[in-house]
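S.K.: Residues 62 to 340, numbered by the numbering used here, are exactly what the sequence shown covers, in order.
Here you go, one structure.
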Amino acid sequence: MTISKRDRAPEDLFSLSGQVLLGAVTRLDSTWHREGGRDGFTRLYAIERGCVELVIDGQATSLSAGEFAVIPAYRDFAYRCENEALCHWCHCVIPWREGLDLFGLIPGDYRPKLNAAEYTVYLQFLDDLIDAVQGRHVSPWRVPVRIWDFFCLYAKEISATELMRWLTGKGRFQRVLDFVHANLHRHLTLAELARRAGMERTAFAKAFRREYGVSPMRYILFQRISKAQEMIRGNRMSLQEIAAQLGFCDEFHLSRRFHDVTGLRPPEYRRRIRHASPF
Numbered sequence: 062m063t064i065s066k067r068d069r070a071p072e073d074l075f076s077l078s079g080q081v082l083l084g085a086v087t088r089l090d091s092t093w094h095r096e097g098g099r100d101g102f103t104r105l106y107a108i109e110r111g112c113v114e115l116v117i118d119g120q121a122t123s124l125s126a127g128e129f130a131v132i133p134a135y136r137d138f139a140y141r142c143e144n145e146a147l148c149h150w151c152h153c154v155i156p157w158r159e160g161l162d163l164f165g166l167i168p169g170d171y172r173p174k175l176n177a178a179e180y181t182v183y184l185q186f187l188d189d190l191i192d193a194v195q196g197r198h199v200s201p202w203r204v205p206v207r208i209w210d211f212f213c214l215y216a217k218e219i220s221a222t223e224l225m226r227w228l229t230g231k232g233r234f235q236r237v238l239d240f241v242h243a244n245l246h247r248h249l250t251l252a253e254l255a256r257r258a259g260m261e262r263t264a265f266a267k268a269f270r271r272e273y274g275v276s277p278m279r280y281i282l283f284q285r286i287s288k289a290q291e292m293i294r295g296n297r298m299s300l301q302e303i304a305a306q307l308g309f310c311d312e313f314h315l316s317r318r319f320h321d322v323t324g325l326r327p328p329e330y331r332r333r334i335r336h337a338s339p340f
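Shown next as structure tokens:
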């Protein structure tokens with residue numbers, strides 16, 4: 062997929078810079094499992110040896126040696142490994158407007174088909190990202206370029222015109238999204254958001270779900286949990302402080318909703334980050 066100015070892409074699309082959050086090469090066994098949950102970042106998996114089972118938005122698939130998977134942000138995602146596997150993986154984002162991950166806005170290909178030569182090339186691309194996140198020397202331009210390589214692989218069946226339609230269609234809710242992201246610490250209501258959009262409440266809720274695939278209140282929850290994940294990765298704040306900054310009643314309320322979305326309690330999420338597990 063090639064995007065040019067003739068496709069009338071939003072100007073800021075050309076200045077986006079991908080970011081890698083975590084990554085490693087990890088031996089997996091039967092302890093690697095998750096029942097389901099959604100995140101605000103995209104996962105890249107390459108299996109060097111063995112086989113794992115993935116469930117993406119209710120669709121089960123196996124990932125075997127020599128195969129790639131791109132699991133975009135905001136999808137309900139579960140996984141397991143019955144025996145043993147060797148997995149190259151990373152978590153990354155291409156921040157789009159209002160902090161949304163560009164991967165998560167596009168209906169791309171979770172399982173891009175690659176021949177042996179292509180797999181070798183993309184495995185090296187993935188290892189470049191892993192090297193960067195683990196502090197090994199990588200040219201500063203390489204990380205954003207490599208993440209864009211994976212985005213183009215994920216979205217290769219989408220025309221540039223269709224891609225722009227997916228991206229620019231979200232613009233009608235710009236004022237609402239600006240308000241949400243500036244007020245994650247507050248109690249937000251559907252009526253308040255509808256007023257910001259200048260729409261009747263029911264019509265707003267239907268239009269928002271049609272554009273984003275989730276209800277307005279669910280979207281707010283995802284943004285709060287995504288921000289909580291970022292704060293936990295920073296490892297500088299207590300759960301009580303995070304809960305207060307993100308509009309939760311207390312740390313127990315945060316923990317319950319965090320588990321609802323990710324399938325993990327915050328302390329478990331923090332432990333897995335410390336041990337670089339590809340959850």
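Don't be surprised by glycine CBs; every beta carbon is placed ideally from N, CA and C.
Return the Cβ separation of Ala139 and Gly101 in integer angstroms, given the expectation that the two are a contact with Cβ distance under 8 Å.
M.R.: About 17 Å separates the two Cβ atoms, so there is no contact after all.
S.K.: Where Leu249 and Phe309 are concerned, what is the direct C-alpha to C-alpha distance, given to the nearest angstrom?
M.R.: Using only the alpha carbons, I get a separation of about 11 Å.
S.K.: My guess is that Phe283 and Tyr135 are in contact by the Cβ rule of under 8 Å, so how many angstroms apart are they, rounded?
M.R.: Confirmed, about 7 Å.
S.K.: So, with DSSP's three-state summary, where would you put Asp162?
M.R.: Strand at Asp162.
S.K.: Between which two residues does the beta strand (DSSP E) harbouring Thr87 extend?
M.R.: That run of the beta strand (DSSP E) goes 80-89.
S.K.: What runs of the beta strand (DSSP E), each 3 residues or longer, lie entirely inside the region 79-157?
M.R.: You should have 80-89, 103-117, 120-125, 128-132, 138-141, 146-154.
S.K.: Over the uninterrupted alpha helix (DSSP H) stretch that includes Gly295, give me the two end residues.
M.R.: Looking at the DSSP string, the run of the alpha helix (DSSP H) that includes Gly295 is 277-295.
S.K.: Between the region 209-223 and the region 84-91, do three or more beta carbon pairs fall short of 8 Å?
M.R.: Contact fails: fewer than three Cβ-Cβ distances are below 8 Å.
S.K.: Going by Cα to Cα distance, which pick from Phe313, Asp188, Gly165, Trp202 is closest to Asp118?
M.R.: For the residues Phe313, Asp188, Gly165, Trp202, the minimum Cα distance to Asp118 belongs to Gly165.
S.K.: Mind checking whether Tyr171 and Ile132 have CB atoms under 8 Å apart?
M.R.: Cβ atoms of Tyr171 and Ile132: closer than 8 Å.
S.K.: Let me know the secondary structure DSSP gives Trp202 once reduced to three states.
M.R.: Residue state, collapsed to three classes: coil.
S.K.: Would you grab the beta carbon distance between Arg331 and Ile293 for me? Rounded to a whole angstrom, and I think it's under 8 Å.
M.R.: Indeed, because the Cβ distance is near 5 Å, the residues count as touching under 8 Å.
S.K.: Taking the straight line between their C-alpha atoms, what separation do you get for Gln120 and Phe269?
M.R.: Those two C-alpha atoms are separated by around 24 Å.
S.K.: Along the chain, where does the alpha helix (DSSP H) containing Arg271 start, and where does it finish?
M.R.: Where Arg271 is concerned, the enclosing alpha helix (DSSP H) stretches over 262-273.
S.K.: Exposed or buried, what is Thr103 when buried is set at 16 or more other beta-carbons lying within 10 Å of its beta-carbon?
M.R.: Answer is buried; the Cβ neighbour count reaches 16.
S.K.: Do you know whose CA, among Cys151, Trp157, Ser200, Gly169, lies nearest Asp188's CA?
M.R.: Checking every option, the nearest Cα to that of Asp188 belongs to Cys151.
S.K.: Is the separation between the beta-carbon of Asp162 and that of Pro168 shorter than 8 Å?
M.R.: The answer is no: Cβ separation not under 8 Å.
S.K.: Taking a contact to mean a Cβ-Cβ separation below 8 Å, would you say Lys288 touches Leu315 in this structure?
M.R.: No, Cβ-Cβ distance for Lys288 and Leu315 is not below 8 Å.
S.K.: Taking the C-alpha atoms as reference points, what is the distance between Cys112 and Arg256?
M.R.: The alpha-carbon atoms of Cys112 and Arg256 are separated by roughly 50 Å.
S.K.: What are the boundary residues of the alpha helix (DSSP H) that includes Ala177?
M.R.: Here the alpha helix (DSSP H) through Ala177 covers 177-194.
S.K.: Can you tell me which of Arg99, Met278, Ser91, Val81 puts its alpha carbon nearest to the alpha carbon of Leu325?
M.R.: Per the Cα distances, Arg99.
S.K.: Buried or exposed: Gly196, going by 16 or more other Cβ atoms within 10 Å of its Cβ?
M.R.: Gly196 comes out exposed.
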